[in-house]
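Quick note: the sequence shown, position 13, residue 8 per this note's numbering, numbers continuous.
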Amino acid sequence: MAINYLPFSYAGSYMVISEMGDQFGGQNQQPGIYLRTVHGLAKHSGIARLYPIHEGKEVPCMAKMTASELTLTFDGGSIHCCFIDDRSMFFRVR
């Protein structure tokens, strides 16, 4: 499944990881993959942009998603993300 088509999420959670463009929701921001909130009362949905750094420099990555895990693969390693429950996430970098 493509993260730019369907956000990575967990039932009942207000957190998602999704790809956002530079004008998502009227916000001027750097395009990329973001941890964000989908809570209706939030002023800004983007919480943090997720990106790998290899040898001190940001590197491009490819997102691959299953029902239980999001993997960001890049030259030099990978980042694995999964939900523990509706309020907690686990990140592992290899």
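We treat Cβ as the ideally placed atom computed from N, Cα and C, and that holds for glycine.
CA-to-CA distance, residue j to residue i, given in whole angstroms
| i | j | result |
| --- | --- | --- |
| Gly71 | Leu65 | 17 Å |
| Ile28 | Arg87 | 16 Å |
| Pro55 | Ala43 | 17 Å |
| Ala62 | Asp81 | 14 Å |
| Pro47 | Glu14 | 14 Å |
Beta-carbon proximity list for residue i, same chain, < 8 Å, skipping 5 on both sides
| i | result |
| --- | --- |
| Ile12 | Ile(-2), Pro2, Phe3, Ser4, Ile28, Tyr29, Leu30, Arg31, Leu45, Leu65, Cys76 |
| Met60 | Met(-4), Ala(-3), Ile(-2), Leu1, Phe3, Thr66 |
| His34 | Tyr9 |
Beta-carbon separation (whole angstroms), residue i vs residue j, contact threshold 8 Å
| i | j | result |
| --- | --- | --- |
| Ser8 | Phe85 | Actually they do not touch by this definition, with Cβ atoms about 13 Å apart. |
| Pro142 | Gly41 | No answer is possible for residue 142: the residues shown for the chain start at -4 and end at 89. |
| Phe69 | His49 | 6 Å |
6 Å Cβ shell around residue i - same chain, five flanking residues per side excluded
| i | result |
| --- | --- |
| Met10 | none |
| Tyr89 | Going by the sequence as given, residue 89 is Arg instead of Tyr. For Arg89, where only same-chain residues beyond five positions count, the Cβ hits under 6 Å are Gly72, Ser73. |
Bounding residues of the beta strand (DSSP E) (the contiguous stretch that carries residue i)
| i | result |
| --- | --- |
| Leu30 | 27 to 32 |
| Arg87 | 83 to 88 |
| Thr61 | Per DSSP, Thr61 belongs to no beta strand (DSSP E) and is neither H nor E. |
| Glu14 | 10 to 15 |
| Ser73 | 72 to 80 |
| Gly41 | 41 to 45 |
Distance cut-off 8 Å: residue i Cβ against heavy atoms of the ligand ATP
| i | result |
| --- | --- |
| Leu36 | No copy of the ligand ATP appears in this structure; indeed no ligand is present at all. |
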